[in-house]
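One structure is given below, encoded as structure tokens.
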Amino acid sequence: MNLLSTGVRLTPEQRATLERLGYTVTTLREEADVTDIDVSQVEGLICNNLFQYRQCEDFKRLRFVQAISAGLDRLPLEELEKRDVRIYNAGDTYAVPMAEWVVWQLLDFMKHGAAFREKQANRHWEKERRLRELTGKTVALLGLGHVGEAIATRLRAFDMTIIGVGHREKQVPFVDRYVLMDELHDVLAESDVIVIALPLTDETYHVIDAEAIASMKEDAVLLNVARGAIIDETALIAALEEGKFFGVALDVFETEPLPSDHALYNFEWVTLTPHNSYVSDRVNERLFENIVRNLRHEQLQ
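Taking the working numbering, the leading residue of the sequence shown gets 113, the next gets one more, and so forth.
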């Protein structure tokens with residue numbers, strides 16, 4: 113089977129593993145290079161944002177797509193589904209580092225890490241009295257996939273009350289309470305911390321809008337590790353300009369890279385990281401394990 117791998121760098125050993133599974137592997141270092149090759153005979157794809165450069169109909173024999181991201185918003189899902197192309201995501205590949213990012217940001221806000229770092233840089237000895245505990249706080253966790261579960265597992269260790277918010281009726285054993293999205297504003301109003309781990313869809317685009325933000329506590333902590341467009345950034349900036357939030361940590365943005373003159377850089381209680389929460393020393397290994405598992409499954413189809 114002809115397999116095209118883009119957006120991920122395979123080691124020689126990993127490539128050999130795929131070849132032993134029966135795949136003829138072509139790799140591209142940059143996804144934009146796909147414009148230079150014939151893709152009509154490609155049957156399987158490992159990619160990130162490949163369809164930015166080639167149309168779905170260019171892949172005449174495509175049977176499956178393995179995305180290297182957890183979210184699928186960069187794929188032409190409707191077109192692929194019409195052609196019965198099977199779609200796989202990265203599964204739990206990034207769940208651990210993203211959950212650890214959430215814990216890091218929460219602790220940094222609650223323990224005023226920025227204030228201590230500033231005092232150390234200035235060689236200034238002064239106690240900080242504005243510290244808070246995580247214990248007893250209520251968390252609204254929006255999104256309950258692999259990342260959401262990893263976040264909940266870690267926050268439970270701090271004796272936090274976790275309210276999961278999702279789209280479908282289901283059993284969610286790793287949260288204290290589960291509600292549907294139509295109760296979102298009520299949950300936001302009672303939560304000390306809001307963590308966004310939702311996929312970006314038509315339903316979740318700007319779900320955190322001016323009304324949702326207004327329902328949050330004035331001293332809430334807001335964290336987003338999902339997709340930037342889930343938050344209406346214009347509404348968020350307006351709230352920040354009024355002094356809302358104890359802390360806001362964003363790893364994703366509506367426009368990436370974030371322009372250097374963007375208003376979000378103006379607030380000292382806002383932490384910005386460059387879509388970096390998924391990175392760790394183990395994600396490449398975990399990603400390849402998930403890819404191999406899915407490609408073995410594909411051979412059975």
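Glycine residues also receive a C-beta, built at the ideal position from the N, C-alpha and C atoms. If you're wondering where the values come from, they're calculated on a predicted model, not measured in any experiment.
Expected contact under 8 Å - CB spacing of residue i and residue j to nearest Å
{"i": "I263", "j": "L310", "result": "The Cβ separation is near 12 Å, so there is no contact."}
{"i": "L56", "j": "T129", "result": "With the chain covering only 113 through 413, there is no way to say anything about residue 56."}
{"i": "I306", "j": "L300", "result": "6 Å"}
{"i": "L162", "j": "T139", "result": "Incorrect: roughly 13 Å between the Cβ atoms, too far for contact."}
{"i": "R339", "j": "L370", "result": "Their Cβ separation, rounded to whole angstroms, is 14 Å, which puts R339 and L370 out of contact at 8 Å."}
{"i": "L407", "j": "L133", "result": "6 Å"}
{"i": "F379", "j": "L352", "result": "5 Å"}
{"i": "T147", "j": "R166", "result": "7 Å"}
{"i": "I349", "j": "A375", "result": "5 Å"}
{"i": "F286", "j": "T316", "result": "That pair is no contact at about 21 Å."}
{"i": "H224", "j": "E240", "result": "5 Å"}
Under 8 Å between C-beta atoms of residue i and residue j
{"i": "L189", "j": "L174", "result": "no"}
{"i": "L267", "j": "I274", "result": "yes"}
{"i": "S392", "j": "P209", "result": "yes"}
{"i": "M88", "j": "L243", "result": "Nothing about residue 88 can be reported from this structure: the residues present for the chain run from 113 to 413 only."}
{"i": "Y206", "j": "A226", "result": "no"}
{"i": "V337", "j": "S389", "result": "yes"}
{"i": "C168", "j": "E191", "result": "yes"}
{"i": "W213", "j": "D363", "result": "yes"}
{"i": "R141", "j": "N160", "result": "no"}
{"i": "I344", "j": "H318", "result": "The question names Ile, but residue 344 in the sequence shown is Asp. Yes. Within cutoff."}
{"i": "A347", "j": "D321", "result": "yes"}
{"i": "Q217", "j": "A361", "result": "yes"}
{"i": "L296", "j": "H279", "result": "no"}
{"i": "T118", "j": "E155", "result": "no"}
{"i": "V277", "j": "L253", "result": "yes"}
{"i": "E410", "j": "F171", "result": "no"}
{"i": "F365", "j": "W381", "result": "no"}
{"i": "I403", "j": "Q178", "result": "yes"}
Which residues DSSP lists as bridging residue i, in chain order
{"i": "Q178", "result": "I158, Y200"}
{"i": "S117", "result": "T139, I158"}
{"i": "G88", "result": "As shown, the chain starts at 113 and ends at 413. That puts residue 88 outside it, with no answer to give."}
{"i": "A361", "result": "L335, T383"}
Interface flag, residue i vs chain B, CB-CB below 8 Å
{"i": "D373", "result": "Among the chains of the structure shown, chain B does not appear; only one protein chain is present."}
Three or more C-beta pairs closer than 8 Å, one from the region 193-206 and one from the region 237-253: is that the case here? no
Should the region 255-262 be called in touch with the region 394-403, which here means at least 3 C-beta pairs below 8 Å? no
Would you mind listing the beta strand (DSSP E) stretches within the region 366-402 that are 3+ residues and don't spill past its ends, in chain order? 382-384
In chain order, what are the residue ranges of uninterrupted beta strand (DSSP E) at least 3 long that sit wholly in the region 303-357? 305-308, 333-336
Considering only residues of the region 204-230, which uninterrupted alpha helix (DSSP H) runs meet the minimum length of 4 residues and lie entirely inside it, listed in chain order? 207-222
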